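One structure is given below, encoded as structure tokens.
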Amino acid sequence: IASLVKTDTGKITGGFKHVGDMANFIYEKVTRLEAETEVLRKGSSEFRESLKDVTQAIEDIAGGSSSIIADTEKIALHVAGLEKTLSDNREHIRCVAENMDRIIENKNQGLKLMSELRNITETTSGAIAQINKVVNETSESTNKIVEAGEFIKHIATQTNLLAFNAAIEAAAAGQSNTGFAVIAEEIRILSNETNRYVKEIRSYTEALAGSVVNALKVLEKVNSAIENEIKGVKDMDDLLDRINESTTSTQNYIVKLNESGDTILEQAKEIKYSISNLYAVNEENSANMCQASCNMHNQDPYIESIINLINSLCGMAYNIRDKSMEIKMLIDIGLLIDYLETEGYSNDNLIEICRKLNVTTAYVADETGYVHYCNEEIGRGVNLFEFDKSLMQLLNGADYVAIPIKQRAEDGKTYKFLSVYRNNKIYELGIDLSTSYH
Numbered sequence: 033i034a035s036l037v038k039t040d041t042g043k044i045t046g047g048f049k050h051v052g053d054m055a056n057f058i059y060e061k062v063t064r065l066e067a068e069t070e071v072l073r074k075g076s077s078e079f080r081e082s083l084k085d086v087t088q089a090i091e092d093i094a095g096g097s098s099s100i101i102a103d104t105e106k107i108a109l110h111v112a113g114l115e116k117t118l119s120d121n122r123e124h125i126r127c128v129a130e131n132m133d134r135i136i137e138n139k140n141q142g143l144k145l146m147s148e149l150r151n152i153t154e155t156t157s158g159a160i161a162q163i164n165k166v167v168n169e170t171s172e173s174t175n176k177i178v179e180a181g182e183f184i185k186h187i188a189t190q191t192n193l194l195a196f197n198a199a200i201e202a203a204a205a206g207q208s209n210t211g212f213a214v215i216a217e218e219i220r221i222l223s224n225e226t227n228r229y230v231k232e233i234r235s236y237t238e239a240l241a242g243s244v245v246n247a248l249k250v251l252e253k254v255n256s257a258i259e260n261e262i263k264g265v266k267d268m269d270d271l272l273d274r275i276n277e278s279t280t281s282t283q284n285y286i287v288k289l290n291e292s293g294d295t296i297l298e299q300a301k302e303i304k305y306s307i308s309n310l311y312a313v314n315e316e317n318s319a320n321m322c323q324a325s326c327n328m329h330n331q332d333p334y335i336e337s338i339i340n341l342i343n344s345l346c347g348m349a350y351n352i353r354d355k356s357m358e359i360k361m362l363i364d365i366g367l368l369i370d371y372l373e374t375e376g377y378s379n380d381n382l383i384e385i386c387r388k389l390n391v392t393t394a395y396v397a398d399e400t401g402y403v404h405y406c407n408e409e410i411g412r413g414v415n416l417f418e419f420d421k422s423l424m425q426l427l428n429g430a431d432y433v434a435i436p437i438k439q440r441a442e443d444g445k446t447y448k449f450l451s452v453y454r455n456n457k458i459y460e461l462g463i464d465l466s467t468s469y470h
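Last residue of the sequence shown: number 470 in my numbering, and the count goes up by one each step with no gaps.
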């Protein structure tokens, strides 16, 4: 291309046009290739990161599966312990039920004994009432005896007085009434004996009356005690009835508790069976996850090779794009020189050819580097050698100088520059990459 630019441009304008079209086509395709390879490179990098995340996730899942297996083992142990505890509780409930049966049996015997005690107490109460009646009657009889004794005492006193009067009359009558005096004396002696017996009877009746009074007091205490005993028996009956209700209710609850225990025991067995299945599934999943993690790690070298290959492809695409850009710029410079040589050198003609060639910036400078013509006002009057010393190579016979992508000195935009030295002039093209370069 450089040799082509050096030849007589007037003779090969048609060839330049054809080659320019080809260069534009190649440049567009290479630019698209570079963009797509860049997307592929980014995608491969993202895929590698995603693969790392997937691998890490698989390892985490494998670790979680191991943790689940350990937890499942612990749960299985706890369930086994629960099953044993439920079995023990079932035995304890059976013992409690047996004890409750004995308690109910003893309670029934207690109710029977309390019934017998109530009957005995009622019999005792009746007997005490009968004794109380007898004692009261005895007290009344004693009082009558005392009254009779007093009456006898009174009679004896009167008899003694009559005997005394009879003795006086007999003494006054003399010897003829001696028998009457003897009878009077006997009556007096009998009256004294009667008085003495009356005193003894009185003493006995007083003692008997005192005993009757004491017996009545004791009977009152016995009656009070029996009443309290009857009340206690009644309270004990009520208490035993409540105990009977409580024991019956407790027995019902024990039956329900035993049924619930059986249900829980069956459920615990089902849970144990489910946990055993879960343990087996988790072990299988853990093994599969470990194998998957190993397989993912084995894929790392292949993925890395693919990524390296894609990076190399991106590098080659970039280089091809850069070279195709240089080819296009060389062709465009040839066309630009041909146009200016034909139409004349002016800023307007330079603007027109840049528009036709879709060139961002074009400079035409003398051998000192001073720019006489530029399609942009910002570039007129600048010195190219001051911007880039490498352009001096053109004066030393270099076919062209392609400057690496850099920021343009005038405005800091990203540009690709290519320069040639022809007809004692330096021609430099610049393509703005700030919006199209990636």
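Backbone N, C-alpha and C define an ideal beta-carbon position, used for all residues, glycine too. This one's a predicted model, so the numbers in the text were calculated from it and none came from an experiment.
- Query: Any idea what DSSP makes of residue 391, helix, strand or coil?
  - Reply: Position 359 of the sequence shown, counted from the start, is the residue given in the question as residue 391. Looking at residue 391 - three-state DSSP - the assignment turns out to be coil, as it is neither helix nor strand.
- Could you tell me whether the stretch 388 to 402 touches the stretch 451 to 465, using the rule of 3 or more Cβ pairs below 8 Å? The stretch 388 to 402 vs the stretch 451 to 465: in contact.
- Message: Looking at the strands, I want to know which residues DSSP matches up with residue 415.
- Response: Numbered from its first residue, the sequence shown carries residue 415 at position 383. Looking at the DSSP assignment, residue 415 forms a beta bridge with 402.
- Task: Tell me, please, whether the stretch 336 to 343 touches the stretch 439 to 451 by the rule of three or more beta-carbon pairs shorter than 8 Å.
- Result: no
- Item | Unbroken stretches of the alpha helix (DSSP H), 4 residues or longer, contained in the stretch 60 to 124 | none
- Query: Bridge partners of residue 460, per DSSP?
  - Reply: The residue labelled residue 460 in the question sits at position 428 within the sequence shown. The partner list for residue 460 (beta bridge, DSSP) reads 395, 451.
- How long is the line joining the alpha carbons of residue 153 and residue 260, rounded to whole angstroms? The sequence position of residue 153 within the sequence shown is 121, counting from 1. The sequence position of residue 260 within the sequence shown is 228, counting from 1. Looking at the two C-alpha atoms, the distance is approximately 11 Å.
- Simplified DSSP state of residue 446, which is helix, strand or coil: Mapped onto the sequence shown, residue 446 falls at position 414. Reduced to three states, the DSSP call for residue 446 is strand.
- Can you tell me the Cα-Cα spacing of residue 329 and residue 87, whole angstroms? The residue you call residue 329 lines up with position 297 of the sequence shown. The residue you call residue 87 lines up with position 55 of the sequence shown. Taking the straight line from one Cα to the other gives about 7 Å.
- Message: Suppose contacts are defined by Cβ-Cβ distances below 7 Å. Is residue 296 in contact with residue 111 by that definition?
- Response: Counted from its first residue, the sequence shown places residue 296 at position 264. Counted from its first residue, the sequence shown places residue 111 at position 79. Cβ distance not < 7 Å, so residue 296 and residue 111 don't count as in contact.
- Query: DSSP puts residue 433 in a beta bridge; with which residues?
  - Reply: Locating residue 433 in the sequence shown gives position 401, counting from the first residue. Paired residues: 451.
- Message: Beta-carbon within less than 7 Å of residue 307's beta-carbon, same chain only, minus the 5 sequence neighbours each way: which residues are those?
- Response: Mapped onto the sequence shown, residue 307 falls at position 275. Only 104, 107, 108, 111 meet the Cβ criterion.
- Message: To the nearest angstrom, how far is the alpha carbon of residue 465 from that of residue 446?
- Response: On the sequence shown, residue 465 is found 433 positions in, with the first residue counted as 1. On the sequence shown, residue 446 is found 414 positions in, with the first residue counted as 1. Roughly 5 Å separates the two Cα atoms.
- Using the DSSP secondary-structure output, state which residues sit across from residue 438 in a beta bridge. Position 406 of the sequence shown, counting from 1, holds the residue named residue 438. Answer is 447.
- Taking buried to mean at least 16 other C-beta atoms within 10 Å of its own C-beta, is residue 450 buried or exposed? Sequence index remark: in the sequence shown, residue 450 carries index 418 (1-based). When all chains shown are included, residue 450 counts as buried.
- Skipping 5 residues on each side, what residues in its chain have a beta carbon closer than 6 Å to that of residue 462? Locating residue 462 in the sequence shown gives position 430, where the first residue counts as 1. Cβ within range, chain order: 392, 393, 447, 449.
- Residue-level contact to chain D via CB, residue 66, 7 Å cutoff: Protein chain content of the structure displayed is limited to a single chain, and chain D is not contained in it.
- Message: Just verifying my parser: in three-state terms, what is the DSSP assignment at residue 377?
- Response: As a position in the sequence shown, residue 377 is number 345, starting the count at 1. Note: residue 377 maps to coil in three-state DSSP.
- Message: Whether or not the stretch 273 to 293 and the stretch 113 to 122 are in contact is what I'm after, with contact meaning three or more pairs of Cβ atoms, one per stretch, closer than 8 Å; do they touch?
- Response: yes
- Message: I'd like the list of long-range same chain contacts for residue 371, defined as Cβ closer than 6 Å, with 5 residues on each side in sequence excluded.
- Response: Within the sequence shown, the letter at position 339 stands for residue 371. Closer than 6 Å at the Cβ level, and outside the excluded window around residue 371, lie 385.
- Message: Assuming residue 174 and residue 251 are in contact, meaning their beta carbons sit under 8 Å apart, how far apart are those beta carbons, in whole angstroms?
- Response: The residue labelled residue 174 in the question sits at position 142 within the sequence shown. The residue labelled residue 251 in the question sits at position 219 within the sequence shown. Residue 174 to residue 251, Cβ: 16 Å. No contact.
- Quick one: residues in its chain with C-beta nearer than 7 Å to the C-beta of residue 315, no 5 flanking neighbours on either side, listed in chain order? Position 283 of the sequence shown holds residue 315. Cβ within range, chain order: 101.
- Would you say residue 76 and residue 342 are within 7 Å of each other, going by their C-beta atoms? One-based indexing of the sequence shown puts residue 76 at position 44. One-based indexing of the sequence shown puts residue 342 at position 310. In contact: residue 76 and residue 342 (Cβ atoms closer than 7 Å).
- Would you call the stretch 355 to 362 and the stretch 412 to 427 in contact, with 3 or more CB pairs under 8 Å? no
- Query: When you compare each of 176, 200, 141, 317 to residue 275 by their alpha carbons, which one comes out closest?
  - Reply: Along the sequence shown, one-based indexing puts residue 275 at 243. The option with the nearest alpha carbon to residue 275 is 141.
- Those runs of the alpha helix (DSSP H) which lie wholly inside the stretch 236 to 294 and span at least 4 residues: none
- Please classify residue 368: does DSSP put it in a helix, a strand, or coil? Your numbering for residue 368 matches position 336 in the sequence shown. Looking at residue 368 - three-state DSSP - the assignment turns out to be helix.
- Is the CB-CB distance between residue 94 and residue 321 below 7 Å? Taking the sequence shown and counting its residues from 1, one reaches residue 94 at position 62. Taking the sequence shown and counting its residues from 1, one reaches residue 321 at position 289. Yes, they are a contact pair.
- Under 8 Å by Cβ, that's how I've got residue 381 and residue 373 pegged, so tell me the actual separation to the nearest angstrom. Sequence index remark: in the sequence shown, residue 381 carries index 349 (1-based). Sequence index remark: in the sequence shown, residue 373 carries index 341 (1-based). Actually they do not touch by this definition, with Cβ atoms about 10 Å apart.
- Message: Assuming the contact rule is C-beta atoms closer than 8 Å, residue 157 and residue 262 should be a hit. Round their C-beta distance to whole Å, please.
- Response: Taking the first residue of the sequence shown as position 1, residue 157 is located at position 125. Taking the first residue of the sequence shown as position 1, residue 262 is located at position 230. Your pair residue 157 and residue 262 checks out as a contact, with CB atoms roughly 7 Å apart and the cut at 8 Å.
- Task: State the Cα-Cα distance for the pair residue 452 and residue 378, rounded to the nearest angstrom.
- Result: The residue given as residue 452 occupies position 420 in the sequence shown. The residue given as residue 378 occupies position 346 in the sequence shown. Spanning the two alpha carbons is a distance of roughly 19 Å.
- Message: Using only the alpha-carbon positions, how far apart do residue 226 and residue 191 sit?
- Response: In the sequence shown, counting from the first residue as 1, residue 226 sits at position 194. In the sequence shown, counting from the first residue as 1, residue 191 sits at position 159. Computed Cα separation, rounded: 10 Å.
- Residue from 62, 97, 273 whose Cα sits closest to the Cα of residue 310: Residue 310 sits at position 278 when you count from the first residue of the sequence shown. The shortest C-alpha separation from residue 310 is found at 97.
- With a 10 Å radius around its C-beta and 16 neighbouring C-beta atoms as the bar for buried, classify residue 467 as buried or exposed. Here residue 467 is taken as the residue at index 435 of the sequence shown, counted from 1. The residue in question, residue 467, is exposed, as its Cβ has fewer than 16 Cβ neighbours within 10 Å.
- Message: Tell me the rounded alpha-carbon separation between residue 137 and residue 294.
- Response: Start at 1 with the first residue of the sequence shown, and residue 137 comes out as number 105. Start at 1 with the first residue of the sequence shown, and residue 294 comes out as number 262. Their Cα atoms are separated by approximately 26 Å.
- Is the CB-CB distance between residue 188 and residue 223 below 7 Å? Against the sequence shown, residue 188 aligns to sequence position 156. Against the sequence shown, residue 223 aligns to sequence position 191. A contact, by the Cβ cut-off of 7 Å.
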